[in-house]
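Asker: Residue numbers (full-length UniProt numbering): 1 to 224.
1) Under 9 Å between the Cβ atoms of residue 140 and residue 123?
2) How is residue 113 classed by DSSP in three states: helix, strand or coil?
3) Could you tell me the alpha carbon to alpha carbon distance between residue 64 and residue 80, rounded to whole angstroms?
4) How would you call residue 146, buried or exposed, if buried means at least 16 neighbouring beta carbons within 10 angstroms?
5) So, using beta-carbon positions, are residue 109 and residue 143 closer together than 9 Å?
6) Locate the alpha helix (DSSP H) running through residue 166, then write down its first and last residues.
7) Considering Cα atoms alone, identify which of 128, 118, 60 and 58 is closest to residue 92.
8) Taking the runs of the alpha helix (DSSP H) that are 4 residues or longer, which of them lie wholly in the segment 52-108?
9) In the DSSP assignment, find the unbroken alpha helix (DSSP H) run with residue 147 in it and report its ends.
10) Judging by CA-CA distance, which residue of 107, 157, 119 and 151 is the nearest neighbour of residue 136?
11) Once you ignore the five residues that flank residue 49 on each side, which residues in its own chain have a CB closer than 7 Å to its CB?
12) Can the beta-carbon of residue 116 be found closer than 9 Å to that of residue 69?
13) Below 8 Å on the Cβ atoms is my contact criterion, and I expect residue 153 with residue 121 to pass it. Report the Cβ-Cβ distance as a whole number of Å.
14) Sort 45, 47 and 163 by Cα distance to residue 134 and report the nearest one.
15) For residue 77, count neighbouring Cβ atoms within 10 angstroms of its own Cβ and tell me buried if that reaches 16, exposed if not.
16) What's the call for residue 101, buried or exposed, on a 16-neighbour Cβ count within 10 Å?
17) Identify, in the order they occur along the chain, each residue of the same chain with its Cβ nearer than 8 Å to the Cβ of residue 90, setting aside the five sequence neighbours on each side.
18) Helix or strand or just coil, what does DSSP make of residue 49?
19) In angstroms with no decimal places, state the Cα-to-Cα distance between residue 36 and residue 73.
20) Any idea what DSSP makes of residue 132, helix, strand or coil?
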């Protein structure tokens, strides 16, 4: 939840520092972020959701995403919080951060924060490069169980991962993705199968089409 507070005026005091560029405060107990109203006015879709008691309920938005969002509004840069304990291995941390960035990307699109959308995409590209394509796909599956069909960037990004991970139907069938232990990695299987089947079909049709064209050309030459 975002708790909206007024900037300091002669009529009263704010709960947070009056400095507009001061880092926002997080009340850990209730996972509430306090945000100046002046900062919120830069995001019309969010500003329109402010309730009578100066709150914005954001269903489905995690504390980690809220952290990124509020810090972006104040400091204009991308700051992902620590999501894992130090004992977690690097790949596990990267996967958690990657899922967080997918969530940030979806939230930024929902509220029309274009600059944050771009920063999230850049962060996703950077973090995905440290993972195997199949691990990145698993992160997409967990972060986007029902992906926005209008999100062209996400569609292209997922398609690229699928192309790299499973270049053919055979590669898919011989992978471990069908095993129960890897169930979370079965993201967009239908899309992948249709795509690879279509590619195989094109590979079969193209030589036949080429041969047919050459045959017709030969016939035309013979009748001249």
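Beta carbons: idealized from backbone N, C-alpha and C, even for Gly.
Answerer: In terms of the structure at hand:
1) Residue 140 sits at position 140 when you count from the first residue of the chain shown. Residue 123 sits at position 123 when you count from the first residue of the chain shown. Taking 9 Å as the cut-off, the Cβ atoms of residue 140 and residue 123 do not count as close.
2) If you number the chain shown from 1, residue 113 lands on position 113. DSSP places residue 113 in coil when its eight states are reduced to three.
3) For the purposes of this step, residue 64 is taken as residue 64 along the chain shown, with counting starting at 1. For the purposes of this step, residue 80 is taken as residue 80 along the chain shown, with counting starting at 1. Distance between the alpha carbons of residue 64 and residue 80: 7 Å.
4) For the purposes of this step, residue 146 is identified with residue 146 of the chain shown, where counting begins at 1. Answer is exposed; the Cβ neighbour count stays below 16.
5) Start at 1 with the first residue of the chain shown, and residue 109 comes out as number 109. Start at 1 with the first residue of the chain shown, and residue 143 comes out as number 143. Not closer than 9 Å, so no.
6) Position 166 of the chain shown holds residue 166. Unbroken run through residue 166: none, as it is neither H nor E.
7) The residue you call residue 92 lines up with position 92 of the chain shown. Comparing Cα-Cα distances from residue 92 to each of 128, 118, 60 and 58, the minimum goes to 128.
8) Within the segment 52-108, the complete alpha helix (DSSP H) segments at least 4 residues long are 63-75, listed from N- to C-terminus.
9) Within the chain shown, numbered from 1, the residue matching residue 147 stands at position 147. Careful: residue 147 lies outside any alpha helix (DSSP H) and carries neither H nor E.
10) Numbered from 1 along the chain shown, position 136 holds the residue referred to as residue 136. Ranking 107, 157, 119 and 151 by Cα distance to residue 136 puts 157 first.
11) Here residue 49 refers to the residue found at position 49 of the chain shown. So the list reads 56, once near-sequence residues are dropped.
12) Here residue 116 corresponds to residue number 116 of the chain shown, with the count starting at 1. Here residue 69 corresponds to residue number 69 of the chain shown, with the count starting at 1. Cβ atoms of residue 116 and residue 69: closer than 9 Å.
13) As a position in the chain shown, residue 153 is number 153, starting the count at 1. As a position in the chain shown, residue 121 is number 121, starting the count at 1. Contact flag correct, Cβ pair sits at about 6 Å.
14) Working through the chain shown from its first residue, we reach residue 134 at position 134. For the residues 45, 47 and 163, the minimum Cα distance to residue 134 belongs to 163.
15) Looking up residue 77 in the chain shown gives position 77. Burial call: exposed.
16) Here residue 101 refers to the residue found at position 101 when the chain shown is read from its first residue. With 16 or more Cβ atoms within 10 Å of its Cβ, residue 101 is classed as buried.
17) Taking the chain shown and counting its residues from 1, one reaches residue 90 at position 90. Correct list, in chain order: 130.
18) Counting from one through the chain shown, the residue named residue 49 turns up at place 49. Annotated three-state conformation of residue 49 is coil, per DSSP.
19) Within the chain shown, numbered from 1, the residue matching residue 36 stands at position 36. Within the chain shown, numbered from 1, the residue matching residue 73 stands at position 73. The alpha-carbon atoms of residue 36 and residue 73 are separated by roughly 10 Å.
20) To locate residue 132, count along the chain shown from 1; it is residue 132. In the structure shown, residue 132 sits in coil (DSSP, three-state: anything other than H, G, I, E or B).
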